Amino acid sequence: MESVRRKSRIIALQALFEFDCVGHDLVSSTTRLIQDNSIPENAAVFAQELVGGVEENKEQIDAQIHKFAPNFPVEQLSLIDRAILRLAIFEIAFDKKVPVKVAINEAVELAKAFGNNNSAKFINGVLGSVSSAILQS
């Protein structure tokens, strides 16, 4: 059974993916996905915080991706990998409400569920580098 917080992350991931893919409004997409999935209020708030946080910090998040995955330009990453990285980097570097290992593990699980065969390894590697740099600073 998926945890409530994982469901929140999936909703946030879907909203970010929709935005990147077809340009749907993030707030409207998030609201619709929350209603479609009938999640508890605290989970809905968490999903909204994730989406809002990624949107608000997107430039700095993308700079982290560029720094720690220089051979993979942000604009050329698969949409799902980019969305997962943005979510996880927001949680690791900006939100800091969950332990780094939890944020990385959740991102890897999302990559296994929604990405391609290489996504989980790629996501884990980039996030390992991001978290090491943050912990050293």
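Here the sequence shown is numbered in the working numbering, starting from -9 and rising by one per residue. Beta carbons are placed, not taken as given, at the ideal position from N, Cα and C, and that holds for glycine. Owing to the predicted nature of the structure, the values given are computational and were not obtained by experimental measurement.
Note to self: I want to check one thing, is the minimum distance from the CB of residue 39 to the heavy atoms of the ligand ADP below 6 angstroms?
What the structure shows: What this structure holds is no ligand at all, so the ligand ADP is not there to describe.
Margin query: So within the stretch 66 to 99, which uninterrupted alpha helix (DSSP H) runs reach at least 4 residues, ignoring any that extend past its ends?
Written below: 69 to 79
Margin query: Let's test the definition: count the other Cβ atoms within 10 Å of the Cβ of residue 71 and tell me whether it reaches 16, buried, or not, exposed.
Written below: buried
Checklist line | Beta carbon of residue 51 nearer than 7 angstroms to that of residue 76 | finding: yes
Notebook entry, point to check: Between residue 47 and the rest of its own chain, which residues show a CB-CB distance below 7 angstroms, the 5 nearest in sequence each way excluded?
Noted result: 80 and 84
Check: Roughly how many angstroms separate the alpha carbons of residue 14 and residue 8, rounded to a whole number?
Finding: 6 angstroms
Next item on the list: Compare the Cα-Cα distances from residue 35 to each of 26, 45 and 20 and report the closest residue.
Entry: 20
Notebook entry, point to check: Roughly how many angstroms separate the alpha carbons of residue 73 and residue 126, rounded to a whole number?
Noted result: 25 angstroms
Check: In chain order, what residues of the same chain have a beta carbon less than 7 angstroms from the beta carbon of residue 98, not counting five sequence neighbours either side?
Finding: 110, 113 and 114
Notebook entry, point to check: How is the alpha helix (DSSP H) around residue 56 delimited, first residue to last?
Noted result: 48 to 58
Checklist line | For residue -7, three-class secondary structure by DSSP | finding: coil
Notebook entry, point to check: Of all the options 86, 66 and 60, which has the alpha carbon lying nearest to the alpha carbon of residue 119?
Noted result: 60
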